[in-house]
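J.:
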Ligand SMILES: Nc1ncnc2c1ncn2[C@@H]1O[C@H](COP(=O)(O)OP(=O)(O)OP(=O)(O)O)[C@@H](O)[C@H]1O
Ligand SMILES: [Mg+2]
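In the working numbering, the protein residues as written are 47 to 316.
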């Protein structure tokens, strides 16, 4: 077998074909007109040291997030999506480069960030209602009782308000986690596989509700997803990471300039 063939096989084993690695960079993003910058990544590098081996998870990553855009942050397993998100929310620090937070906040940039946690480690003994009350207290959220009821109902959780949060099913916990990420109306919300795993009836309702809620309260969405319908419905900017590098950064409206369809673009890069 030729050397090229062997390399190709090895790349396939790593989950990324040579074609995908060699695909050209497409950096062609036009921010919404007149909108300010929210967050800036300047040559951010993240190197993990494990067992004396160095692993470059993010490689010279530079981009700017603007107000009034919904971003799809995409990439194959291990591409660096979670590391990027952890960097933004302050759970991880860059090895090199810097991250600038350019929006207004009172005490801490994290106040203006919402996160849909995957891990639902709710405190024992607290019901859904207690946790919502706790969030309202901690973030000093300005919300009426009617508004709370309408949000809880939109997420299909009104029947479970008095249930211990720990006893919710997987899909119910997922819906509750999205609600908790949005309740304090942050400037930016990170949604991780928003509707994956939810049943078909609630899936679309949640997407529509989240999109409208975020539009109404001017919340910018960063969506990490593999669900093309979700990406299609919610986002307007497509960012694709490959081995810690930003390979694609375009307006969704420009996809046809570079590929036959969104699906075709993903096949080329993910
Ligand atoms: N603490 C760590 N120590 C060593 N390597 C790490 C650490 N955290 C992440 N990595 C490596 O960095 C790379 C990027 O990981 P990351 O979790 O950001 O990928 P991802 O794009 O979120 O993937 P997935 O789709 O699987 O969630 C991976 O190769 C991962 O093994
Ligand atoms: Mg991840």
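Even glycine gets a Cβ: it sits at the ideal position worked out from N, Cα and C.
How would you write the range of the beta strand (DSSP E) that residue 144 sits in, first residue to last?
T.: Taken as a continuous stretch (DSSP letters only), the beta strand (DSSP E) holding residue 144 covers 142–147.
J.: Using 8 angstroms for Cβ pairs, my map puts residue 181 next to residue 247. What's the rounded Cβ distance?
T.: Rounded, the Cβ-Cβ distance is 26 angstroms, inconsistent with contact.
J.: Say the cut is 6 angstroms; is the CB of residue 128 nearer than that to a heavy atom of ligand 1?
T.: Yes.
J.: Are residue 146 and residue 86 close, meaning C-beta to C-beta below 7 angstroms?
T.: Contact: yes.
J.: Might you give, ordered along the chain, the residues of its own chain that have their beta carbon closer than 8 angstroms to the beta carbon of residue 173, omitting 5 neighbours on each side?
T.: Once the five neighbours on either side are set aside, the close Cβ partners of residue 173 are 207, 208, 209, 210 and 211.
J.: Spatial neighbours of residue 73 within its chain, please: C-beta separation below 6 angstroms, excluding the five flanking residues on both sides.
T.: Same-chain partners within the cutoff: 295.
J.: Between the stretch 102–116 and the stretch 270–284, are three or more C-beta pairs nearer than 8 angstroms?
T.: The answer is yes - the stretch 270–284 touches the stretch 102–116, with three or more Cβ pairs under 8 angstroms.
J.: Which residue marks the beginning of the beta strand (DSSP E) containing residue 96, and which one marks its end?
T.: 83–96 is the span of the beta strand (DSSP E), which, as asked, contains residue 96.
J.: Are residue 117 and residue 290 touching if we call contact CB-CB under 7 angstroms?
T.: No, these two residues do not count as a Cβ contact at 7 angstroms.
J.: At a cut-off of 6 angstroms, would you count residue 143 as near ligand 1, judging by its Cβ distance to the nearest heavy atom?
T.: No.
J.: Tell me, please, whether the stretch 309–316 touches the stretch 64–82 by the rule of three or more beta-carbon pairs shorter than 8 angstroms.
T.: Touching, yes.
J.: Taking DSSP's pairing of strands, which residues face residue 283 in a bridge?
T.: According to DSSP, which records beta bridges pairwise, residue 283 is partnered with 117 and 297.
J.: What did DSSP end up calling residue 227 once you bin it into helix, strand or coil?
T.: Three-state DSSP puts residue 227 in a helix.
J.: On a CA-only basis, which of 104, 115 and 89 is nearest residue 80? Give me that one, please.
T.: Answer by Cα proximity: 115.
J.: Considering only residues of the same chain and omitting the five flanking positions on each side of residue 265, which have a CB-CB separation below 8 angstroms?
T.: Hits under 8 angstroms: 160, 228, 231, 232, 233, 234, 235 and 259.
J.: Determine the DSSP secondary structure at residue 167, reduced to helix, strand or coil.
T.: Reduced to three states, the DSSP call for residue 167 is coil.
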